[in-house]
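A.B. asks: Questions regarding the structure given below will be posed in turn.
Protein chains in written order, with our numbering: chain G, 447 to 1166; chain W, 94 to 200.
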């Protein structure tokens, strides 16, 4: 009985689907780009594509062509609906990914008041209106309660992308007002999707009574509760495991999509709307560090480049704008629009004033929250497909989406122009600017491969100093052990665990090619690899450190930090007592200096008060090349050297390190550095921008000399 | 060293020139004193500064850096630095680095 043959998709149906897809996609994208060029939200143009290709225009002027391309047969319409739903799911994933839980937590208090005002007032007004509207606007007069609640929900939603775009374009997104607007918008979204789920759940459960209402609310609470407790951990574990075992971007995108579809299926079967599940999946994945901004961007390009435009265009396709031209519909439409706008402005303004914000800030929040954008179109689509909205009401809600999205940017630009940043805020912005360009402050994942027990201590100590001031760094240590001897890695692991709280560790058998094992792991998207190496005198031998380390240095796909300690150096005591000591940073004036200096400043900060960073530049003596009187070159070199150390020192002081500077004159810079280190240095941090060209690891002759002759540990930062 | 002088340098100012007498050792721990002294003379618009190295036992790369840095400032302000009577290690270092070829040295 399972062998019943199902008629496959017909050739013509497939042809029509492809034709519809390409038409909607191309026209939507073209108008979307045109809208963006005119400074309008792209969703407006994309929706317009649907009006042009749909009953509103094409259906009116060339009904034959419209009927041939978009035949109104259920099976054909459903095919396009599947594509649209994928667009909706992807939009909701994106919204979830961009929901910054940390931001909401930071701005929570003020944002919550704004959001509550911005939801409660339009919701109440919308629901009130829903009860009063004439019966022919209600799809099912027996379900007027659901209809009223739905209109309330539609009035209370906000569109973050429209707001975020204006904030970004005005370069205001990181300012207090920008952050609180975003946070309030995100809270709005979250509450909006929950409201929608409950209301749509009521609609599909047939009868409305306290029991069905209670069940919908209970399901929502259950889903949210499970998602934010167990779900969050499971999602994080899943992504990390997949990344470790398989690695690469593709598997993470697959996981994201699968999670969203899976969660969507769960919320759908609970009659809560698939969009809620996809939104939650987006939020949970967005909190996993491994799913970084770059990956989000990749996903965004596919979502906004292909599927979302088709969804918006298809939304415009469902409606005949001609219906809006009827005086009664137009009148009701304008009433709904007025209530939507007034409700949001008043609600958000009142909420902002209640949390003691200024007049202009509160107005900006009202203007921002008022944009409904894509979110409203999704709400309207759900309303139509659940039989809550009549086609007239659907067109009215689409109109609300368009008008509010169009009016938000100019008003927002005007009101935000009146909001001046405070001194404290300016300082915060400067610090953030510096950190954004920083090397250390942008570290997310650090790999620490360990082969020998002793190496573990010194490298772990340095890493712990380096990341002491950073909260979001994930350190992974990789232990290679020889067959049958797991005791050394176990001891190394203990040592690292004691120094680096929360480090993840992986133990692998050292096979024939240990450097390949390390490089394979390093290829999984780390920002930095820290290698511990024994000091070897650089006598021009066939390796700089040893074969494995040389190979790893040459093959590393990520920036490197190589720590080399002299034989018999009492590494522990030297590094453990770093406070009160000196970190010597020889700089040459190249781009790479900054990285070494930043590493030193971070370590000094991690080592506590009293650690001094000595920023030193060496001017080579003119030796015998210059004759008497030709001293300009020397004085110029001196001037450049003084500028270079001053710039780096400023960077360090701005990040709170105590810095001393010196410009030396010596015959051989590397000798002067070693001489200086012998007098006063507990650690040398030096940058190399060299790419090895030979079999042997090579950081440049001077650095090789320093590494080979230093009386203290040397850290070579190779950021390439 | 038991008979190390209390101060690194003595400054003797005259109308025609200022003389900085260096004693003992100039190294990374005190080179900044020399650097500051030369900077102040440059700011004061001194035309001719003589650095007397006759009593100088040792100078390192920091000390040379301070000398060249000070000289740069004096030059910019229209002045000149002359090194006088370098001996021993200091004379050797000026030779090895080639500084004696570009800085005015009075033996």
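Note that the Cβ used here is the ideal one computed from N, Cα and C, for glycine as well. Predicted model only: the values in this text are computed from it and were never measured.
By DSSP's criteria, residue 145 of chain W is part of a beta bridge. Which residues make up the other side?
C.D. replies: Residue 145 of chain W pairs with W:114 and W:177.
A.B. asks: Give the single residue among G:626, G:524 and G:588 whose Cα lies nearest to the Cα of residue 551 of chain G.
C.D. replies: Comparing Cα-Cα distances from residue 551 of chain G to each of G:626, G:524 and G:588, the minimum goes to G:626.
A.B. asks: Please check if any C-beta of chain G sits within less than 9 Å of the C-beta of residue 191 of chain W.
C.D. replies: Yes, residue 191 of chain W counts as interfacial toward chain G.
A.B. asks: If residue 761 of chain G sits next to residue 493 of chain G, beta carbons under 8 Å apart, how far is it from one beta carbon to the other, in whole angstroms?
C.D. replies: The Cβ separation is near 6 Å, so the contact holds.
A.B. asks: Residue 893 of chain G and residue 924 of chain G - do their beta-carbons sit closer together than 9 Å?
C.D. replies: Closer than 9 Å, so yes.
A.B. asks: Put residue 682 of chain G into one of helix, strand or coil per three-state DSSP.
C.D. replies: Of the three classes helix, strand and coil, the one that applies to residue 682 of chain G here is helix, per DSSP.
A.B. asks: When we look at the beta-carbon of residue 451 of chain G and count the other beta-carbons within 10 Å, is it buried (16 or more) or exposed?
C.D. replies: Exposed.
A.B. asks: I need the DSSP call for residue 152 of chain W, collapsed to helix, strand or coil.
C.D. replies: Three-state result, residue 152 of chain W: strand.
A.B. asks: Taking DSSP as the reference, what is the three-state secondary structure of residue 1130 of chain G?
C.D. replies: In this structure, residue 1130 of chain G counts as strand in the three-state DSSP scheme.
A.B. asks: Near residue 1080 of chain G, what residues of its chain come up, given a Cβ to Cβ distance below 6 Å and the 5 sequence neighbours on each side ignored?
C.D. replies: If we look at residue 1080 of chain G and ignore the five residues flanking it on each side, its Cβ neighbours are 1068.
A.B. asks: Could you tell me the alpha carbon to alpha carbon distance between residue 114 of chain W and residue 193 of chain W, rounded to whole angstroms?
C.D. replies: Computed Cα separation, rounded: 19 Å.
A.B. asks: Is the beta carbon of residue 1165 of chain G closer than 9 Å to that of residue 1041 of chain G?
C.D. replies: Yes.
A.B. asks: Along the chain, where does the alpha helix (DSSP H) containing residue 527 of chain G start, and where does it finish?
C.D. replies: Here the alpha helix (DSSP H) through residue 527 of chain G covers 520 to 543.
A.B. asks: Pick helix, strand or coil for residue 585 of chain G, following the three-state DSSP scheme.
C.D. replies: Here residue 585 of chain G sits in coil by DSSP.
A.B. asks: By Cβ distance below 7 Å, which residues in the same chain neighbour residue 1018 of chain G in space, the five residues on each side in sequence not counted?
C.D. replies: Confidence is the limiting factor: at residue 1018 of chain G the pLDDT is only 48, short of 50, which leaves the residue's position unreliable, though a coordinate-based value still follows. 903, listed in sequence order.
A.B. asks: On a Cα-Cα basis, can you pick out the residue from G:751, G:736, G:991 and G:1047 that is closest to residue 911 of chain G?
C.D. replies: Residue 911 of chain G has its Cα closest to that of G:1047, out of G:751, G:736, G:991 and G:1047.
A.B. asks: How would you label residue 728 of chain G, buried or exposed, when you count the other beta carbons within 10 angstroms and need 16 or more for buried?
C.D. replies: Counting Cβ neighbours within 10 Å, residue 728 of chain G comes out buried, since at least 16 surround it.
A.B. asks: For residue 1120 of chain G, which residues of its own chain have a beta-carbon under 7 Å away from its beta-carbon, when the five flanking residues on both sides are left out?
C.D. replies: If we look at residue 1120 of chain G and ignore the five residues flanking it on each side, its Cβ neighbours are 1152, 1155 and 1156.
A.B. asks: Are residue 630 of chain G and residue 811 of chain G close, meaning C-beta to C-beta below 9 Å?
C.D. replies: The answer is yes: Cβ separation under 9 Å.
A.B. asks: Compare the C-beta of residue 199 of chain W with all C-beta atoms of chain G and state if any pair is closer than 9 Å.
C.D. replies: So, not an interface residue.
A.B. asks: Output, in chain order, the set of chain W residues within a Cβ distance shorter than 9 Å of residue 1109 of chain G.
C.D. replies: The contacting residues are 155, 158, 159, 161 and 162.
A.B. asks: Indicate whether at least one CB of chain W lies closer than 9 Å to the CB of residue 1097 of chain G.
C.D. replies: Residue 1097 of chain G does not count as touching chain W.
A.B. asks: Taking DSSP's pairing of strands, which residues face residue 498 of chain G in a bridge?
C.D. replies: Answer is none; residue 498 of chain G lacks a bridge partner.
A.B. asks: Would residue 767 of chain G and residue 497 of chain G qualify as a contact pair, given that the criterion is a beta-carbon distance under 9 Å?
C.D. replies: Going by C-beta atoms, residue 767 of chain G is nearer than 9 Å to residue 497 of chain G.
A.B. asks: Could you work out which residues of chain W lie near residue 1064 of chain G, taking near to mean beta carbons separated by less than 9 Å?
C.D. replies: What residue 1064 of chain G touches in chain W: 154 and 158.
A.B. asks: For residue 1068 of chain G, would you say it is in contact with chain W, using Cβ-to-Cβ distances shorter than 9 Å as the test?
C.D. replies: Yes, because at least one Cβ of chain W sits closer than 9 Å to the Cβ of residue 1068 of chain G.
A.B. asks: Quick check on residue 121 of chain W - is its C-beta less than 9 Å from some C-beta in chain G?
C.D. replies: Yes, because at least one Cβ of chain G sits closer than 9 Å to the Cβ of residue 121 of chain W.
A.B. asks: Which whole-angstrom value describes the C-beta separation of residue 1033 of chain G and residue 1130 of chain G, a residue pair presumed to lie in contact below a C-beta threshold of 8 Å?
C.D. replies: Wrong, their Cβ atoms sit about 12 Å apart, outside the cutoff.
A.B. asks: Just to make sure I have the definition right: I need the residues of chain W whose C-beta is within less than 9 Å of the C-beta of residue 1122 of chain G. Which are they?
C.D. replies: Those within 9 Å of residue 1122 of chain G in chain W are 121, 153, 154 and 155.
A.B. asks: Determine which residues share a DSSP beta bridge with residue 922 of chain G and list them.
C.D. replies: In DSSP, residue 922 of chain G forms a bridge with G:893 and G:950.
A.B. asks: Using a Cβ-Cβ cut-off of 7 Å (strictly less than) and excluding sequence neighbours within five positions of residue 710 of chain G, which residues of its own chain qualify?
C.D. replies: 535, 720, 723 and 724, listed in sequence order.
A.B. asks: Just confirm the distance between the C-beta atoms of residue 759 of chain G and residue 605 of chain G, as a whole number of angstroms; I'd bet it's less than 8 Å.
C.D. replies: Rounded, the Cβ-Cβ distance is 18 Å, inconsistent with contact.
A.B. asks: With a threshold of 7 Å on Cβ separation, who are the neighbours of residue 566 of chain G within its own chain once the five nearest residues in sequence on each side are excluded?
C.D. replies: Answer for residue 566 of chain G: 793, listed in chain order.
A.B. asks: Run through the DSSP bridge pairs and tell me what residue 1105 of chain G is partnered with.
C.D. replies: Note: residue 1105 of chain G sits in a beta bridge opposite G:1059.
A.B. asks: Taking Cβ to Cβ, would you say residue 153 of chain W is nearer than 9 Å to residue 119 of chain W?
C.D. replies: A contact, by the Cβ cut-off of 9 Å.
A.B. asks: With a floor of 3 residues, list each beta strand (DSSP E) that falls wholly inside the segment 682 to 720 of chain G, ordered by position along the chain.
C.D. replies: Runs found: none.
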